Amino acid sequence: MTENALQPLLDAAIHAAFAAGRAVMSVYGTEFDVDVKADDSPLTRADRDAHAAIKRILDGTGLPVMSEEGRSIPAAERQAWAQYWLVDPLDGTKEFIRRNGEFAVCIALMQADTRNKAPQGNAIPIAGVVYGPVNDVLYFAWEGGGAYRQQRAATQAALPTYERAAMSTRLPLTRTERAHTILASRSHRSAETEAYIEEQR
0 MTENALQPLL DAAIHAAFAA GRAVMSVYGT EFDVDVKADD SPLTRADRDA
50 HAAIKRILDG TGLPVMSEEG RSIPAAERQA WAQYWLVDPL DGTKEFIRRN
100 GEFAVCIALM QADTRNKAPQ GNAIPIAGVV YGPVNDVLYF AWEGGGAYRQ
150 QRAATQAALP TYERAAMSTR LPLTRTERAH TILASRSHRS AETEAYIEEQ
200 R
């Protein structure tokens with residue numbers, strides 16, 4: 000996919016992330032119920048409202064939407080998709096419930112892997128958006144265009160992606176010898192994650 004074709008899709012993803020962020024924050028400071036899904040993970044009105052806000056916008060792109068809070072889609076159907084949106088409307092629901100601000104809206108544009116970078120039948124991300132609504136920080140990236148961080152992002156919601164990138168901090172992709180900070184979930188630590196962290200010390 001060319002960069003010119005990718006830009007309107009990334010614009011849609013960014014607008015969808017902002018809409019979801021508004022939906023999440025409208026619930027954040029209120030009293031809300033917590034339901035439990037079949038896999039024992041929590042679900043709140045914020046998850047559902049963010050899903051609906053994202054789907055309303057991304058449906059306009061004509062691409063399928065696979066969301067954590069959407070319907071279950073059989074693998075055979077998904078594998079026939081050339082492109083689709085992969086969405087977690089509220090990544091970090093447990094942190095949202097704790098009201099510690101450590102949650103985000105995550106949207107990726109996935110494309111069938113024609114270059115054999117992923118296992119057979121899988122897709123690869125070609126663009127992505129992560130939005131932290133509490134701090135109004137947006138991370139966005141697209142294949143061939145780099146990765147960026149924008150502070151006070153929602154205040155400039157109308158900007159097209161190229162202008163947004165010009166006003167954002169480009170994230171380095173180079174390796175350095177400096178110490179790195181490893182980010183990991185408070186709520187979903189696995190033995191593998193702990194072993195990896197220890198290995199990097």
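If you count by numbering that gives the first Met the number 0, then the sequence shown holds residues 0 to 200, one letter each, in order.
Positions of the beta carbon are idealized from the N, C-alpha and C atoms, including for glycine.
None of the values given here were measured: they were computed from a predicted structure.
Check whether residue i and residue j have beta carbons under 8 Å apart
i, j, result
"Val258", "Ala49", "The chain is shown only over 0 to 200; residue 258 falls outside these bounds and no answer can be derived."
"Ile56", "Ala11", "yes"
"Thr160", "Ile13", "yes"
"Arg44", "Phe31", "yes"
"Gly100", "Glu2", "no"
"Glu94", "Ser186", "yes"
Chain-order list of residues whose beta-carbon lies under 8 Å from that of residue i (same chain, five-residue window excluded)
i, result
"Leu42", "Val33, Asp34, Val35, Lys36, Glu68 and Thr92"
"Gly59", "Ala11"
"Arg98", "Tyr27"
"Ile196", "Ile181 and Ala183"
"Ile96", "Val33, Pro41 and Thr43"
"Thr154", "Asp135"
Assumed close pair residue i, residue j - CB separation to whole angstroms, cut-off 8 Å
i, j, result
"Leu259", "Arg148", "Because the chain is modelled from 0 through 200, residue 259 falls outside the range shown and cannot be assessed."
"Ala107", "Leu85", "5 Å"
"Met0", "Ile123", "In fact, because the Cβ distance is near 12 Å, the residues do not count as touching under 8 Å."
"Val20", "Pro132", "Note that residue 20 is Gly in the sequence shown, not Val. Sure, about 3 Å apart at Cβ, within 8 Å."
"Met109", "Tyr83", "5 Å"
"Phe139", "Leu9", "7 Å"
"Phe17", "Ala157", "Phe17 to Ala157, Cβ: 10 Å. No contact."
Endpoints, alpha helix (DSSP H) assigned at residue i
i, result
"Gln201", "Residue 201 cannot be examined here, being either before or after the span of the chain that is shown, 0 to 200."
"Ala165", "Thr160 to Ala165"
CB contact below 8 Å: residue i versus chain B
i, result
"Met109", "Here chain B cannot be found, since the structure has a single protein chain."
Residue i CB to nearest heavy atom of the ligand HEM below 7 Å
i, result
"Glu94", "No copy of the ligand HEM occurs in the structure displayed, which carries no ligand at all."
Where the beta strand (DSSP E) through residue i begins and ends
i, result
"Val129", "Ala122 to Gly131"
"Phe17", "Phe17 -> not in any beta strand (DSSP E); alpha helix (DSSP H) instead, spanning Glu2 to Tyr27."
"Gln150", "Where Gln150 is concerned, there is no enclosing beta strand (DSSP E), given that its DSSP letter is neither H nor E."
"Asp34", "Val33 to Val35"
"Ala183", "Note, Ala183: premise wrong, no beta strand (DSSP E); not H, not E."
"Leu42", "Pro41 to Thr43"
"Leu137", "Val136 to Trp141"
Contact set for residue i: own chain, Cβ-Cβ below 7 Å, skip 5 residues either direction
i, result
"Gly72", "Before going further, note that residue 72 is Ile rather than Gly in the sequence given. So the qualifying residues of the chain are Met65."
"Ser167", "Tyr147, Arg148 and Gln149"
"Asn121", "Asp112"
Nonlocal neighbours in the same chain, by C-beta distance under 6 Å from residue i, ignoring five residues either side
i, result
"Trp80", "Pro63"
"Gln6", "Thr160"
"Ala164", "Tyr147"
"Ala152", "Asp135 and Leu137"
Complete runs of the beta strand (DSSP E) confined to the region 46–114 [at least 3 residues]: If we require 3 residues or more, the beta strand (DSSP E) runs fully inside the region 46–114 come out as 64–66, 82–90 and 103–111.
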